[in-house]
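Report on the following structure.
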Amino acid sequence: MPNVLAIVAGIPDALEGRMVAGEGLNLALRRDVASGLRYAESGGYDLLVLSGLTVDEQQEAVAQFQRFRRWRVVPVLYVMAEESPGFAVPGGYRPELDGLVRGDFSAPHVQARIAELAEEGAGSSDLVVAGPFELDPVHGRLSFANLNVSLTRREAEIVAILLSQPNRTVSAVEIIERGWGTRADERHLQILRRHVSNIRQKLDSELQSRAVRTVRGTGYRFELRDAS
């Protein structure tokens, strides 16, 4: 059953909580971003719905949520007020994934769009798979053939970004800013190098250390061709 997290600004406290919206859909209703973030830390969701927020508030909310689910691309449904002038598109809007709808949160056509996008989100797997590798980022397990490697949360985040783009060089700046949500200064670059070294050591015990390549002066690459 798809899980939906909906942040609807201005709802009464009495309405905040988990409820069922329609058939086969779990909806967690929150009145502000802060309480929504607390829920996101303790549970997974297949769709994020933002209603009653300004465009700037929507962009900031999405940025904060993605720090908790970096390994999973969760669709976002932006619900715009019926009376709002024009149709402002948030800067983080992804047309191939997200949705835009105008109307009240409880309107039937809005609820139908929520159900549609939630089903699409639920169809995505938490696992990151490329070639013979399978990463469970939630539990920090990287599997290869019949072998399993345990990773820390940070290590799993790094591997998830690299493994989702196999055989492609990902810059250190992108890993830090996209994955960790912070500026790529020298301190964080050193931390990243240390984590990559730890990942290699763990893979080395399984003779797979060559899979994580350093591209000097650029970044890192998960090389599937050498992982055999």
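Those letters in the sequence shown? Residues -13 to 214, by this note's numbering.
By construction, the Cβ of each residue, glycine as well, lies at the ideal position given by its N, Cα and C atoms.
Cβ separation of residue i and residue j, assumed to be a contact under 8 Å, to the nearest whole Å
| i | j | result |
| --- | --- | --- |
| T155 | G205 | 5 Å |
| V75 | V87 | That pair is no contact at about 12 Å. |
| H181 | I144 | 6 Å |
| L36 | Y64 | 6 Å |
| L13 | V(-6) | 10 Å between Cβ atoms; not a contact. |
| S107 | P61 | Residue 107 is actually Gly in this sequence, not Ser. Going by Cβ atoms, the distance from G107 to P61 rounds to 5 Å, so yes, they are a contact pair. |
| V(-10) | I100 | 6 Å |
Residue i to residue j span [Cα, whole Å]
| i | j | result |
| --- | --- | --- |
| L11 | L34 | 13 Å |
| A26 | E46 | 15 Å |
| V19 | D122 | 27 Å |
| A142 | P94 | 40 Å |
| N132 | N153 | 23 Å |
| E209 | I162 | 20 Å |
| A158 | A170 | 8 Å |
| R56 | G126 | In this prediction, R56 has a pLDDT of 49, which is less than 50 and means its spatial position is unreliable; nothing more can be read from the coordinates. |
| I185 | A116 | 17 Å |
Residue environment, residue i, which counts as buried when at least 16 other CB atoms sit within 10 Å
| i | result |
| --- | --- |
| R211 | exposed |
| A104 | buried |
| V135 | buried |
| Q52 | buried |
| G151 | The residue you asked about is not Gly; residue 151 is Gln in the sequence shown. Answer is exposed; the Cβ neighbour count stays below 16. |
| P(-2) | exposed |
| Q176 | exposed |
| G165 | buried |
| R202 | exposed |
As assigned by DSSP and simplified to three states, the class of residue i
| i | result |
| --- | --- |
| F91 | coil |
| I(-7) | strand |
| S129 | strand |
| E68 | coil |
| W57 | Bear in mind that a pLDDT of 42 at W57, under 50, signals an unreliable position, so the model cannot answer this. |
| E209 | coil |
| D122 | strand |
| S136 | strand |
| R17 | coil |
| V159 | helix |
| A98 | helix |
| V62 | strand |
| S261 | An answer regarding residue 261 cannot be provided, because it is not within the stretch -13 to 214 covered by the chain. |
| L11 | coil |
Near the ligand GTP: residue i beta-carbon under 7 Å from a heavy atom
| i | result |
| --- | --- |
| I147 | Ligands displayed in this structure: none; no statement on the ligand GTP is therefore possible. |
Bridge partners - residue i, DSSP secondary structure assignment
| i | result |
| --- | --- |
| V201 | G205 |
| G85 | L63 |
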